[in-house]
Amino acid sequence: LKDSDGDGRPNIVDDFPNNDSWWIDTDGDGLDDNNPNEWDIDGDGVTDTLDSRIPGYNGEMMVLDPNIARKASPINLDNNKDEILALAIDVGYPLVSQDNFSISLYAQMAKMIGKTVDPSTGESTSLKTGLVPFGVSSRFGPARFNFEYRMMPEGRFEFNYWNRLYEIERIGFTKGKDNQITLKTKESGLGRYGPQKGYFARMTLNLASLIEATVSYQDMLGDVWSDSDKLFIKDKNQTFLTSLRLKKAISKLQYARAFYQQRNVPNPFKFDYTESTIIGYQLGISMGQGLVLNYIFRRSFRDLNGDGLISGDNETIDITSIETSFTF
-4 LKDSDGDGRP NIVDDFPNND SWWIDTDGDG LDDNNPNEWD IDGDGVTDTL DSRIPGYNGE
56 MMVLDPNIAR KASPINLDNN KDEILALAID VGYPLVSQDN FSISLYAQMA KMIGKTVDPS
116 TGESTSLKTG LVPFGVSSRF GPARFNFEYR MMPEGRFEFN YWNRLYEIER IGFTKGKDNQ
176 ITLKTKESGL GRYGPQKGYF ARMTLNLASL IEATVSYQDM LGDVWSDSDK LFIKDKNQTF
236 LTSLRLKKAI SKLQYARAFY QQRNVPNPFK FDYTESTIIG YQLGISMGQG LVLNYIFRRS
296 FRDLNGDGLI SGDNETIDIT SIETSFTF
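Residue numbers in the sequence shown follow the working numbering, run continuously in steps of one, and reach 323 at the last position.
See below:
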């Protein structure tokens, strides 16, 4: 998040993004709430305090507006650290191991360490554990397949938390009091997940040693916090990911990749964009003598007004980059 004045408060929530001394303007009059020249903080037409700042007044200080409605101060990322880490352990056992055929069994456990927010109370609470008590990995010639039974016994956990969209997801936006936009970390939202159970499956297929196609799907069922109902409800928590990769160069096309991801939604096949959606592709074109031109496109989405919906071009983020690289 861009912070032009370096005061720790990102531009999007800083009312004075180019002044590191000011950051909050409740009534939008261009004066910071703490500016000595701000006589009416909430803009209700009533002078807050009668004192020596008022030209021509020399009497005792008098409070004229005892009920000043103030905006909350924006978060200072320099002072409000929200750290998270995870520990994981897995065990596996090969049942069959041949040249073009193999089957292995495995189990996994991961513990997330950090804090989140319980949406039912607003209180801080600890992150919990995810389990894969049973998983099978297999290879049949050009195909590879994984299946896992997954559990979140106490919720407050997310499988594949650090995914390709993490750099965008790690900070989000929400509407606070008086519709003020506030920042939230990704881990602070994990409290919306209660106990859940389900499965995960992934298929990777090599087509004529030229193209690799991968499809992944997660289907969990359990408790999910409903913002509209203000309670935990039974709902699906599904994820769909797919990618396509060129394994061998074709003429001047050195490589090509395309991908689509939508995570942790009730139905990813409705293709309603959320902050967990990302679409993109990468192309590498040989320019000769080892020089490769890399063209990269990525589309993701930001709920900038915190209303829980993606709408308008301003909430669609397209990133295009062109790079060069050398191969020897």
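By construction, the Cβ of each residue, glycine as well, lies at the ideal position given by its N, Cα and C atoms.
Once you ignore the five residues that flank residue i on each side, which residues in its own chain have a CB closer than 8 Å to its CB?
i, result
"Asp0", "Asp9, Phe11, Pro12, Asn13, Asn14, Asp15"
"Thr42", "Trp34, Asp35, Ile49, Leu59, Asp60"
"Phe264", "Phe235"
"Tyr88", "Ser99, Leu100, Tyr101"
"Gly3", "Asn71, Leu72, Asp73, Asn74"
"Pro31", "Arg48"
"Gly136", "Asn95, Phe96"
Where does residue i fall in DSSP's three states?
i, result
"Phe135", "strand"
"Glu143", "strand"
"Lys76", "coil"
"Phe11", "coil"
"Tyr268", "coil"
"Glu118", "coil"
"Ile163", "helix"
"Leu299", "coil"
"Arg252", "strand"
"Leu202", "strand"
"Pro263", "helix"
"Gly325", "Because the chain is modelled from -4 through 323, residue 325 falls outside the range shown and cannot be assessed."
"Gly125", "strand"
"Asp130", "Looking at the sequence itself, residue 130 is Gly, so the reference to Asp does not match. Strand at Gly130."
"Asp214", "strand"
"Asn309", "helix"
"Ser68", "coil"
"Asn232", "strand"
"Ser183", "helix"
"Asn289", "strand"
Would you please state the rounded distance, in angstroms, between the beta carbons of residue i and residue j? I believe it to be under 8 Å.
i, j, result
"Asp46", "Thr21", "19 Å between Cβ atoms; not a contact."
"Lys181", "Gly193", "Not confirmed; about 21 Å, so no contact."
"Phe154", "Lys123", "Phe154 to Lys123, Cβ: 12 Å. No contact."
"Asn289", "Thr319", "7 Å"
"Asn262", "Gln284", "That pair is no contact at about 50 Å."
"Val210", "Thr237", "5 Å"
"Ala138", "Met198", "7 Å"
"Thr269", "Arg294", "Incorrect: roughly 13 Å between the Cβ atoms, too far for contact."
"Gln191", "Gly130", "Actually they are not in contact, since the Cβ atoms of Gln191 and Gly130 sit about 17 Å apart, beyond 8 Å."
"Lys229", "Asp218", "7 Å"
"Ser271", "Gln257", "6 Å"
Using only CA atoms, which one of the options lies nearest to residue i?
i, options, result
"Val112", "Trp220, Leu202, Pro137, Thr209", "Trp220"
"Leu205", "Asp222, Ser183, Ala244", "Ala244"
"Lys66", "Gly23, Asp230, Leu100", "Gly23"
"Leu100", "Met198, Gly54, Tyr144, Pro114", "Tyr144"
"Ser115", "Glu310, Arg258, Leu226", "Leu226"
"Met104", "Val127, Glu207, Ser306", "Val127"
"Arg134", "Val91, Leu304, Ser121, Asn29", "Val91"
"Met56", "Thr44, Leu239, Ile63, Ala64", "Thr44"
"Phe254", "Gly51, Leu241, Val260", "Leu241"
"Leu216", "Thr272, Ala64, Met147, Arg297", "Met147"
"Leu304", "Ile273, Tyr88, Asp267, Ile19", "Asp267"
"Thr120", "Asp2, Asn300, Tyr188", "Tyr188"
"Ala64", "Gly307, Ile70, Gly51, Gly40", "Gly40"
"Asn259", "Asp77, Ala208, Glu164", "Glu164"
"Leu160", "Ile19, Asn71, Phe296, Gly3", "Phe296"
"Ser97", "Ser132, Ser68, Ile70, Asn71", "Ser132"
"Ile7", "Gly136, Asn29, Leu299, Ser306", "Leu299"
"Asp222", "Lys76, Gly117, Ile84, Gly54", "Gly117"
"Asn158", "Asn62, Gly25, Asn53, Ile273", "Ile273"
For residue i, which residues of its own chain have a beta-carbon under 6 Å away from its beta-carbon, when the five flanking residues on both sides are left out?
i, result
"Ala196", "Phe142, Tyr212"
"Phe292", "Gly275, Tyr276, Thr315"
"Gln249", "Gly279, Ser281, Val287"
"Val86", "Ala102"
"Ile79", "Gly109, Glu182"
"Lys179", "Gly167, Thr169"
"Trp17", "Phe11, Asp27"
"Pro5", "Leu(-4), Asp(-2)"
"Tyr156", "none"
"Ala208", "Leu200, Leu239"
"Phe140", "Ser133, Met198"
Looking only at its chain, what residues have a beta carbon closer than 7 Å to the beta carbon of residue i, apart from the 5 residues adjacent to it on each side?
i, result
"Lys106", "Ala81, Leu82, Thr124"
"Leu185", "Thr111, Leu122, Arg151, Phe152, Glu153"
"Pro69", "Arg4, Val8, Asp9, Trp18, Ile19"
"Leu202", "Ala208"
Minimum length 4: unbroken alpha helix (DSSP H) runs contained in the segment 30 to 54: none
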